[in-house]
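S.K.: Sharing a structure, written as structure tokens. Questions coming.
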Amino acid sequence: MTVIGFHNSHEQVHPAELLRAVQHAEEVGFTAAMCSDHFAPWNKAQGHSGFAWSWLGAALASTDLPFGVVNAPGQRYHPAIIAQGAATLAAMFPGRFWMALGSGQVMNERITGTPWPPKRIRDARLRECVDVIRALLAGEEVTHRGLVDVERARIWSLPEQQPALIGPVMSVPTARRHADWADGFITINQPHETLRELTGAYRDAGGRGRLALQVHLCWDPDPDRARAIAYEQWHTNTFPPPLCWDIDGPEAFEQASQHVPQEAVEGAVLVSSDLGRHAAWLAEYVELGFDEIYLHHVGKEQLPFLDAFGEHVLPQLDVTRPAPAVALDPAGPPQPRRPHQEAQPAVLP
């Protein structure tokens, strides 16, 4: 049995419309949800970028679905603030909130005015942030010096169980690094052999927890319209890492993607007017061993997609609800407050 969730793209849909959409997703049979956390869209046609953390409170309060968010602590967000936000949501909605923690993209992080570090520094910074967040969620008082600085931080309103911290993975080295700390794994739709390599690397390195997949797709009853929607909305999202990490805004993404062909879009997005074909694609991902699959319809109109998939696609899959979204080694009662060990500062080149 597999969890089939609904991905909420803040970059493409007004937050009020997105809230109605996720409520409708629950009504038509989706059993989980997740959302992005951006400061800007990838192109002007997408046109939105609501604040995920405000929206998550409303979404959790108005549905019974569990929710995840993809977040990049360390530059735009201080890890203590992310820990506080996560603790509050997990305390209010036990077992229903998780975070995927990544190293970020310059298009979102540049707003702080601080330099965008190279990937090896961003990876080291992420690991420091994970350690800080875990310690704070365990009830510790944290003082930390390194790529992020924390001074006597403490979370006063703690959840009974820590929320799961999930590792977002796009490469084998990242899969191996995240296996050391993550409560689970999430990636996006890619060729099957690539997905096998990523999940295998994560498990071989000792990675535990659930395997989740975000699937970019586009459906419309008119096949030509489905292809046109996918191109308009997602042609700027076809660049692989590291390029996609280092393009600094919607205008630059649009300039870089002026000559992206339709075939490139349909290599990144599953495009079809045939609901049976979509069901077959999803069944293949289930066979690859993914426990949770989150569907992202890349069009701006979500309700027709939700109705069609709720009626014709979900019944073809063995859909279930997810297990509670808690850390694999949930903390017991808070331990006596103690300072977190200070890290040695890393030196930027």
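In the working numbering, the protein residues as written are 880 to 1228. Every residue gets a Cβ at the ideal spot worked out from N, C-alpha and C, and that includes glycine.
Beta-carbon within less than 8 Å of Q1214's beta-carbon, same chain only, minus the 5 sequence neighbours each way: which residues are those?
M.R.: Residue confidence for Q1214 is low, a pLDDT of 38 falling below 50, so the modelled location carries little weight and cannot support an answer.
S.K.: Can you grab the Cα-Cα spacing for the pair H917 / P1100, in whole Å?
M.R.: Those two C-alpha atoms are separated by around 30 Å.
S.K.: How many angstroms separate the CA atom of L1015 from the CA atom of R1104?
M.R.: 48 Å
S.K.: Which of the three DSSP states is assigned to R1087 in this structure?
M.R.: Three-state DSSP puts R1087 in coil, outside helix and strand.
S.K.: Three-state secondary structure (DSSP) at L1185?
M.R.: Under the three-state reduction of DSSP, L1185 is assigned to helix.
S.K.: With a threshold of 6 Å on Cβ separation, who are the neighbours of P1102 within its own chain once the five nearest residues in sequence on each side are excluded?
M.R.: S1152
S.K.: On the three-state DSSP scale, how would you describe E1163?
M.R.: helix
S.K.: Are K998 and P1121 touching if we call contact CB-CB under 8 Å?
M.R.: Less than 8 Å divides the Cβ of K998 from the Cβ of P1121.
S.K.: Go to A1143, then tell me how far its alpha helix (DSSP H) extends in each direction, as first and last residue.
M.R.: Q1141 to A1147
S.K.: Count the other CB atoms within 10 Å of the CB of L1005; is the residue buried (16 or more) or exposed (fewer)?
M.R.: Around the Cβ of L1005, a 10 Å sphere holds 16 or more other Cβ atoms; the residue is buried.
S.K.: One question on the structure: do P920 and E896 come within less than 8 Å of each other, judged by their Cβ atoms?
M.R.: no
S.K.: Between V1150, N1068, A1135 and R1087, which has its C-alpha nearest A1107's C-alpha?
M.R.: V1150
S.K.: Identify whether W977 lies in helix, strand or coil by the three-state DSSP scheme.
M.R.: Here W977 sits in strand by DSSP.
S.K.: Leaving out the 5 sequence neighbours to the left and right, which residues in its chain are closer than 6 Å to P1203 when beta-carbon positions are compared?
M.R.: Once the five neighbours on either side are set aside, the close Cβ partners of P1203 are G974.
S.K.: Report yes if the CB atom of T1115 is closer than 8 Å to the CB atom of E1133, and no otherwise.
M.R.: yes
S.K.: Can you tell me the Cα-Cα spacing of D1208 and W1035, whole angstroms?
M.R.: 20 Å
S.K.: Does DSSP put Q902 in a helix, a strand or coil?
M.R.: Three-state DSSP puts Q902 in a helix.
S.K.: Could you check the C-alpha separation between P1159 and V882 for me, to the nearest Å?
M.R.: Looking at the sequence shown, residue 1159 is not Pro but Ala. Cα to Cα, A1159 sits roughly 16 Å from V882.
S.K.: If you run the structure through DSSP and keep just helix, strand and coil, what is A1107?
M.R.: DSSP places A1107 in helix when its eight states are reduced to three.
S.K.: Can you grab the Cα-Cα spacing for the pair F1118 / V901, in whole Å?
M.R.: Computed Cα separation, rounded: 28 Å.
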